[in-house]
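So the structure is just underneath, and the comments pick up after that.
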Amino acid sequence: MPNGKRRRCKETNSFLILIFISKPKKSDLSKLPEHYFQNDSDWRDWLHENHDSSDGIHLIFYKVEHHMESMRWEEAVRVALCYGWIDSTVKSLGDGKRRQYFCPRKPKSVWSKLNKDHIKDLKSKKLMHSSGLAAIQVAKENGSWSALDDVENGVVPEDLQRAFNQNKEAKKNFENFTHSQRKSYLYWLNQAKREDTRQKRIAEIVGMSAQNIKYRTLGR
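Taken in order, the sequence shown gives residues -19 to 200; the numbers are from our numbering.
As structure tokens, then:
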């Protein structure tokens, strides 16, 4: 890269966004190589050779019913986890074809329960590479490994609970949301980096809950 810094991805549970060490232009991503692997073994071979030197690539996937055979998304994610990589933005290319960006995991990227479950299984099968184990160790040391535990368990943080206590309608509606719906709001709040941003999101969550809005509109 022009600035000499490696691009890394950040996991955001089931809500994935792309985070960069230095914010790139959209054209930077378009210049990344595209790779098609028929199976996860070929993908593993590529990562084994390139995981510590590549900034990221676009993987090509085809739908199950497509005449082109390709590995499945979950297979690709599991292999990526073995080498400290993660999936990020996806783009449809039409005709049952899509490409998805995979790159090294950002050190402070939070870990979803799904991926931690994958890690447990991969460890039991002795499939983890040292680079993947190192990424886990870093996450456990900086707190990102457990950062989503309360979100996954549906624990409402104290500041949000206090706000709900001031609005009974919002509190009642929120409590009646499904676990997935509540988690989407709790995750959004969890990702606020500044206190003023957090307080603004608390106000929005309470306001939307009062209106019985079960999912926050993307970009709102």
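We put the beta carbon where it would ideally sit given N, CA and C, even for glycine.
Cβ-based neighbour list, residue i, same chain, cut-off 6 Å, excluding 5 preceding and 5 following
i   : result
E55 : D20
H98 : R58 and L61
Beta-carbon proximity check, residue i vs residue j, cutoff 8 Å
i    : j    : result
L169 : R178 : yes
I182 : A143 : yes
W65  : P84  : yes
Y16  : S50  : yes
I40  : K77  : yes
Buried or exposed (CB count within 10 angstroms, at least 16 for buried), residue i
i    : result
Q171 : buried
Y42  : buried
V201 : An answer regarding residue 201 cannot be provided, because it is not within the stretch -19 to 200 covered by the chain.
H38  : buried
S124 : buried
M188 : buried
R174 : exposed
Per-residue DSSP class, three states only, for residue i
i    : result
T177 : helix
E149 : helix
Y167 : helix
Neighbourhood of residue i by C-beta distance below 7 Å, restricted to the same chain and skipping five residues each side
i    : result
K103 : none
| task | Tell me the start and end of each unbroken alpha helix (DSSP H) in the region 80 to 159 that is at least 4 residues and wholly inside, in chain order. | result | 93 to 104, 110 to 122, 129 to 132, 138 to 145 and 148 to 156
| field | Every unbroken beta strand (DSSP E) inside the region 27 to 87 [3 residues or more] | value | 37 to 42, 65 to 74 and 77 to 84
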